[in-house]
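Novice:
In UniProt numbering, the protein residues as written are 1 to 68.
1) Taking the straight line between their C-alpha atoms, what separation do you get for residue 47 and residue 22?
2) So, with DSSP's three-state summary, where would you put residue 51?
3) Quick one: using the 10 Å Cβ neighbour count with 16 as the cut-off for buried, is residue 10 buried or exposed?
4) Within the same chain, show all residues whose beta-carbon is closer than 7 Å to that of residue 39, passing over the 5 residues directly before and after it, in chain order.
5) DSSP on residue 30, reduced to helix/strand/coil?
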């Protein structure tokens with residue numbers, strides 16, 4: 001829990017506006033000060049594919065190839 005607070009604090013400090021976290025961490029977000037949460041877009045994901053969809057605009061570029 002403390003590690004999540006530190007991660008979000010550092011993201012806030014460095015002007016990062018978007019943080020992708022595992023959905024299991026959602027229960028720990030109550031520990032994070034609202035001042036940090038208000039300045040960030042928190043994206044909760046379950047699978048790696050969701051991370052790629054959020055991080056790479058347009059999703060996984062190799063998904064267009066059936067043999068990949």
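Idealized CB from N, CA, C, for every residue including glycine.
Specialist: Taking the coordinates as given:
1) In the chain shown, the residue the question calls residue 47 occupies position 47. In the chain shown, the residue the question calls residue 22 occupies position 22. Those two C-alpha atoms are separated by around 8 Å.
2) Sequence index remark: in the chain shown, residue 51 carries index 51 (1-based). Under the three-state reduction of DSSP, residue 51 is assigned to helix.
3) As a working mapping, residue 10 is identified with position 10 in the chain shown. Residue 10 comes out exposed.
4) Counting from 1 along the chain shown, the entry for residue 39 is found at position 39. Once the five neighbours on either side are set aside, the close Cβ partners of residue 39 are 12.
5) Here residue 30 is taken as the residue at index 30 of the chain shown, counted from 1. Residue 30 falls in the helix class under three-state DSSP.
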